[in-house]
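Student: Pasting a structure below so you can have a look.
There are 2 protein chains.
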Amino acid sequence: MNLNEEIRSLAAEAKCASRGLMTLSTADRNRCLVAMADGLDRASADLLEANARDMETGRGMGLSEAMLDRLKLTEARIAAMAAGVREVAALPDPVGRVLDERVRPNGLRLQKVAVPIGVIVIIYESRPNVTADAASLCFKTGNATILRGGKEAMHSNLLIAQIMVSAAKAVLPTFPDHAIQVVPTADRAAIPALLSLPQYVDLCIPRGGESLIRAVMDCTKVPVIKHYKGVCHVFVDREADPAMALDILVNAKCQRPSTCNAAETLLVDWPIATTFLPQAAQRLAPYQVELRVDKPSRAVLGANPLPEGLTLKAAADSDWETEHNNYILNVRVVDGLNDAMAHIARFGSAHSDAIVTRDEARARRFLQEVDSAAVYWNASTRFTDGGEFGMGAEIGISTDKVGARGPMGLDELCTYKWIGWGTGQVRG
Amino acid sequence: MNLNEEIRSLAAEAKCASRGLMTLSTADRNRCLVAMADGLDRASADLLEANARDMETGRGMGLSEAMLDRLKLTEARIAAMAAGVREVAALPDPVGRVLDERVRPNGLRLQKVAVPIGVIVIIYESRPNVTADAASLCFKTGNATILRGGKEAMHSNLLIAQIMVSAAKAVLPTFPDHAIQVVPTADRAAIPALLSLPQYVDLCIPRGGESLIRAVMDCTKVPVIKHYKGVCHVFVDREADPAMALDILVNAKCQRPSTCNAAETLLVDWPIATTFLPQAAQRLAPYQVELRVDKPSRAVLGANPLPEGLTLKAAADSDWETEHNNYILNVRVVDGLNDAMAHIARFGSAHSDAIVTRDEARARRFLQEVDSAAVYWNASTRFTDGGEFGMGAEIGISTDKVGARGPMGLDELCTYKWIGWGTGQVRG
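Just so you know, the sequences run in chain order A and B.
Per numbering that gives the first Met the number 0, residue 0 is the first one in the first sequence, and the count goes up by one each step.
Per numbering that gives the first Met the number 0, residue 0 is the first one in the second sequence, and the count goes up by one each step.
Right, here's the structure in full:
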């Protein structure tokens, strides 16, 4: 079998499995999830062995220590992965929820009901725990999954899926064999092959950077919900409470800078720039933050000695649209709300943006006019997260507007159908 | 300017207009819609003139009489078009609806609020009234529209958009000039040019047949919600009430066969085939229906003289997946519910499918397991329609699962954003 045939067969099997999944009860699905978690726990030694092979591959590829750490499984990480699957089992079932209901004048009762999407392809990088997370969330919602992780994690990913499937089959013989599949080849051509099969694949969720997203968008013939970068902003308005603004800025930038909801850019309203920027520098210095500043910010910050630990650089044009994922913060002085919103519209990634102000009118304009998945008034951008939103778990954070926007939890892994309950109605 | 530059500029203007639209109040938008309707009424003579030129082009292209009739505007049709726009003005505003609200333990209040999608490209064929329909629905929901109709309707479409924009500007000077645009060229390369601009275009809705949908899917880098064909089924179960089944079948096939929710295929359960099929033939004969039958149906129906008006032909393999849009009905005898559902899964287009039965258990299995946008128990497939669903108006019927499924009304022309109302919350 050549690659295209192999991928076509895998996708066709997934479609077939998805039909089987539609008939499983909530209790059946949860029982399988608990069994999958137990299976992962039990197979700890095998998983460590498979992962050791991946670590070897990773070292051979010259991965950085940080990347190798992401790739690595430990007993604790396996236990955490299993615990995550158990948590998914405990969440309420989103399938079958009645989202809308109406009885038409002719007596036809219409229900809009949440149902599985079908077959979901998930493309992600490195961390093997994503395999178990994504597979369990998709299975909970009655979807078949085709997973495509980084090639360096192939052995770990294949084994995780295999363990989950056999554990589920052991407690539910009708569990469809191909409900959870990992693409068994590192060949990059597997992605266009998969995404050219709209008859089998209902949705692709790519989680990653520019090159991954571009590769997907260049070839896809199936719907995509992108999980793309977060270039998030904190706008400190002239009427901001300075202490609150400092807390929010430091949290948004430094609490976990590697996440997509961390702030990349501080926009300061000019009337407060001379007071706020030195205070911000003071607060960011302990985190060794590098500031990439525009000329007015540099003029303010350069007027006094920099606090120990802080670095100052002139911002390059590209900085404004870069997700640094690190202790780097772009800083710009803006001329009020309109200027701030124009900057966000031009350079932002429509992920998460915050305004800090006491002025309600300006806050409301910001909340309405900034076209991002999440907008905050006097709160940190770091809240854009399924757990923080009370969704229980998330497959990721959509930067798209169609299908799902912002954190994607179990509800967002469903579509809906309309059910018409009739008594012989015909259209007049 | 070459085509790519022209299209890029048009799309950039639309994006800019969409930001202006976000700030218009409900009252402003409705006032503009009423003015647009009045404008269309007033410009009746100009519209007839522009349309006469299109009719000439259409004749030159050798369009059929049916196609020419679809293209033609009359005073009555212009009045109906204007009335449609007024109806859209009268509908409730979907923008700003709070879809979900929660207060987190830290006091952060989260609201999920319906907002415009942004810039929507609509690709459709022939009928110029779609221009006013689509533009008014998109404008009502705060979206900028780029319309691409058939080239034979170009003059009519351009003028309709121009009338709507200038009428709106006359009552609201801040109305954004580029909120409604018609692609001003018949060059087919305009479509790939438009759909390669995800920075400006948020969604494409193609309404049409296989070749249009394929052309879109082959080039798009923007999200698409397809309005594709309807290969709809009526399954008459062994426990069906025969009179009800006949009424539903005749309605689904003959009430308006050119629509996507009309039935193309009758599936008859074998134990009732010998009684049901001759009765069905009797009822379909007055509509001059052509039956395309499998062997068992032919055996039943060929046993007696056919009723006057009916034609019988052997079904070709391709018939089962064809949207005939005409008085043609495929007929197949199936071996019970599973066989019927397998047929629908294989040949259907996941649009609308109905089961007629008195058996609740089988009905519920059909409703759950048939993976179509709308599934009916004892009702006609013809109900899949925004008006019939009580949505007030529809842009069309989505055959996709992501973004919207089934009838797309005003609610479905919105996306949402999350608004976080804080008092200084940071993530711990």
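Where a beta carbon is used, it is the ideal one built from N, C-alpha and C, also for glycine.
What residues are listed by DSSP as bridge partners for residue 213 of chain A?
Tutor: For the purposes of this step, residue 213 of chain A is identified with residue 214 of the first sequence, where counting begins at 1. Under DSSP, residue 213 of chain A takes part in no beta bridge, so it has no partner.
Student: Mind listing which residues of the stretch 15 to 40 of chain A have their C-beta closer than 9 Å to chain B's C-betas, in chain order?
Tutor: 17, 18, 21, 22
Student: Could you work out which residue in B/220, B/84, B/178 is closest to residue 392 of chain B when comparing CA atoms only?
Tutor: Here residue 392 of chain B refers to the residue found at position 393 when the second sequence is read from its first residue. Per the Cα distances, B/84.
Student: For the alpha helix (DSSP H) that residue 156 of chain B lies in, which residues bound it at each end?
Tutor: Within the second sequence, numbered from 1, the residue matching residue 156 of chain B stands at position 157. 153 to 170 is the extent of the alpha helix (DSSP H) around residue 156 of chain B.
Student: Looking at C-alpha atoms only, which residue of B/275, B/61, B/246 is the closest neighbour of residue 262 of chain B?
Tutor: Residue mapping note: residue 262 of chain B aligns to position 263 of the second sequence, counting from 1. Measuring from the Cα of residue 262 of chain B, the nearest candidate turns out to be B/246.
Student: So with CB distances below 9 Å, who are the chain B contacts of residue 373 of chain A?
Tutor: For the purposes of this step, residue 373 of chain A is taken as the residue at position 374 of the first sequence. By Cβ distance, chain B contributes 109, 416, 417, 418, 419.
Student: Can a CB atom of chain A be found closer than 8 Å to the CB of residue 216 of chain B?
Tutor: Along the second sequence, read from residue 1 onward, the residue named residue 216 of chain B stands at position 217. Interface residue, yes.
Student: Can you pull the DSSP bridge partners for residue 329 of chain A?
Tutor: Here the question's residue 329 of chain A lines up with position 330 in the first sequence. Answer by DSSP bridge pairing, in chain order: A/264, A/291.
Student: Can you have a look at residue 337 of chain A and say buried or exposed, based on whether 16 or more other CB atoms are within 10 angstroms of its CB?
Tutor: Start at 1 with the first residue of the first sequence, and residue 337 of chain A comes out as number 338. Classification for residue 337 of chain A: exposed.
Student: For the stretch 65 to 98 of chain B, list every residue whose C-beta sits within 8 Å of some C-beta in chain A, in sequence order.
Tutor: none
Student: Following the continuous alpha helix (DSSP H) through residue 10 of chain B, name the residue where it begins and the one where it ends.
Tutor: Within the second sequence, residue 10 of chain B is the residue found at index 11, counting from 1. Per DSSP, residue 10 of chain B belongs to the alpha helix (DSSP H) from 2 to 20.
Student: Going straight from the alpha carbon of residue 60 of chain B to that of residue 189 of chain B, what length do you get?
Tutor: Your numbering for residue 60 of chain B matches position 61 in the second sequence. Your numbering for residue 189 of chain B matches position 190 in the second sequence. Straight-line Cα distance between these residues: approximately 20 Å.
Student: Is residue 314 of chain B close to chain A? Criterion is C-beta to C-beta, closer than 8 Å.
Tutor: For the purposes of this step, residue 314 of chain B is identified with residue 315 of the second sequence, where counting begins at 1. No, because no Cβ of chain A sits closer than 8 Å to the Cβ of residue 314 of chain B.
Student: Mapping DSSP to helix, strand and coil, what is residue 415 of chain B?
Tutor: Here residue 415 of chain B refers to the residue found at position 416 of the second sequence. Strand.
Student: Does the beta carbon of residue 452 of chain B come closer than 8 Å to any beta carbon on chain A?
Tutor: Nothing in the structure corresponds to residue 452 of chain B, since chain B is present only between 0 and 427.
Student: Taking Cβ positions only, does residue 405 of chain B come closer than 8 Å to chain A?
Tutor: Working through the second sequence from its first residue, we reach residue 405 of chain B at position 406. Yes, its Cβ sits closer than 8 Å to a Cβ of chain A.
Student: Could I get the ranges of all uninterrupted alpha helix (DSSP H) runs contained in the stretch 38 to 91 of chain B, with 4 residues as the minimum, in chain order?
Tutor: 43 to 59, 64 to 70, 74 to 89
Student: Quick check for students: name the residue ranges of the alpha helix (DSSP H) that lie wholly in the stretch 98 to 160 of chain B, counting only runs of 4 or more.
Tutor: 128 to 139
Student: With distances taken between CB atoms, is the gap from residue 183 of chain B to residue 157 of chain B smaller than 8 Å?
Tutor: As a position in the second sequence, residue 183 of chain B is number 184, starting the count at 1. As a position in the second sequence, residue 157 of chain B is number 158, starting the count at 1. Result yes, Cβ atoms of residue 183 of chain B and residue 157 of chain B sit closer than 8 Å.
Student: Can you list, in chain order, the residues of its chain whose CB lies under 8 Å from that of residue 238 of chain A, leaving out five sequence neighbours each side?
Tutor: In the first sequence, residue 238 of chain A corresponds to position 239, counting from 1. Contacts found: 356, 357, 358, 361.
Student: Cβ of residue 365 of chain A less than 8 Å from any chain B Cβ?
Tutor: Numbered from 1 along the first sequence, position 366 holds the residue referred to as residue 365 of chain A. No, residue 365 of chain A does not count as interfacial toward chain B.
Student: Could you confirm whether any beta carbon from chain B is found closer than 8 Å to the beta carbon of residue 135 of chain A?
Tutor: The residue labelled residue 135 of chain A in the question sits at position 136 within the first sequence. So, not an interface residue.
Student: For a test of the three-state rule: what should DSSP assign to residue 406 of chain B, helix, strand or coil?
Tutor: Numbered from 1 along the second sequence, position 407 holds the residue referred to as residue 406 of chain B. Strand at residue 406 of chain B.
Student: Sort B/248, B/256, B/257 by Cα distance to residue 266 of chain B and report the nearest one.
Tutor: Your numbering for residue 266 of chain B matches position 267 in the second sequence. Looking at the Cα atoms, B/248 is the closest of the given residues.
Student: Name the residue from A/398, A/306, A/198, A/319 whose alpha carbon lies nearest to the alpha carbon of residue 118 of chain A.
Tutor: Taking the first residue of the first sequence as position 1, residue 118 of chain A is located at position 119. Comparing Cα positions, the closest option is A/198.
Student: Just the C-alpha distance for residue 146 of chain B and residue 18 of chain B, rounded to the nearest angstrom, thanks.
Tutor: By 1-based counting over the second sequence, the position of residue 146 of chain B is 147. By 1-based counting over the second sequence, the position of residue 18 of chain B is 19. Between the C-alpha atoms of residue 146 of chain B and residue 18 of chain B there is a straight-line separation of about 18 Å.
Student: Beta-carbon of residue 388 of chain A versus every beta-carbon of chain B: anything under 8 Å?
Tutor: Numbered from its first residue, the first sequence carries residue 388 of chain A at position 389. Interface residue, yes.
Student: Is residue 376 of chain B close to chain A, meaning its C-beta is less than 8 Å from at least one C-beta of that chain?
Tutor: Residue mapping note: residue 376 of chain B aligns to position 377 of the second sequence, counting from 1. Under the Cβ distance rule, residue 376 of chain B counts among the residues neighbouring chain A, one pair being separated by less than 8 Å.
Student: Against chain A, with Cβ distances strictly below 8 Å, would residue 302 of chain B count as a contact?
Tutor: Your numbering for residue 302 of chain B matches position 303 in the second sequence. No, residue 302 of chain B does not count as interfacial toward chain A.
Student: Excluding the 5 residues preceding and the 5 following residue 404 of chain B in the sequence, name in chain order all residues of the same chain whose CB lies nearer than 7 Å to its CB.
Tutor: Locating residue 404 of chain B in the second sequence gives position 405, where the first residue counts as 1. Hits under 7 Å: 372, 397.
Student: Between residue 424 of chain B and chain D, is the shortest Cβ-Cβ distance under 8 Å, so that the two count as touching?
Tutor: Going by chain labels, chain D is absent from the structure shown, which instead holds the protein chains A and B.
Student: Roughly how many angstroms lie between the CA atoms of residue 196 of chain B and residue 12 of chain B, to the nearest whole one?
Tutor: Within the second sequence, residue 196 of chain B is the residue found at index 197, counting from 1. Within the second sequence, residue 12 of chain B is the residue found at index 13, counting from 1. Answer to the nearest angstrom: the Cα atoms are 12 Å apart.
Student: Among B/121, B/22, B/109, B/151, whose alpha-carbon lies nearest the alpha-carbon of residue 49 of chain B?
Tutor: Here residue 49 of chain B corresponds to residue number 50 of the second sequence, with the count starting at 1. With distances taken between Cα atoms, residue 49 of chain B lies closest to B/151.
Student: If I follow the unbroken alpha helix (DSSP H) through residue 352 of chain A, where does it start and stop?
Tutor: Position 353 of the first sequence, counted from the start, is the residue given in the question as residue 352 of chain A. That residue, residue 352 of chain A, is in no alpha helix (DSSP H); its beta strand (DSSP E) goes 351 to 355.
Student: So residue 283 of chain B packs on residue 252 of chain B, CB below 8 Å; how close in whole Å?
Tutor: Position 284 of the second sequence holds residue 283 of chain B. Position 253 of the second sequence holds residue 252 of chain B. Confirmed, Cβ separation roughly 7 Å.
Student: Check whether chain A comes within 8 Å of residue 202 of chain B, counting only Cβ atoms and requiring the distance to be less than that.
Tutor: Walking along the second sequence from the start, residue 202 of chain B turns up at place 203. Put simply, the CB of residue 202 of chain B is near chain A, with a gap under 8 Å to one of its CB atoms.
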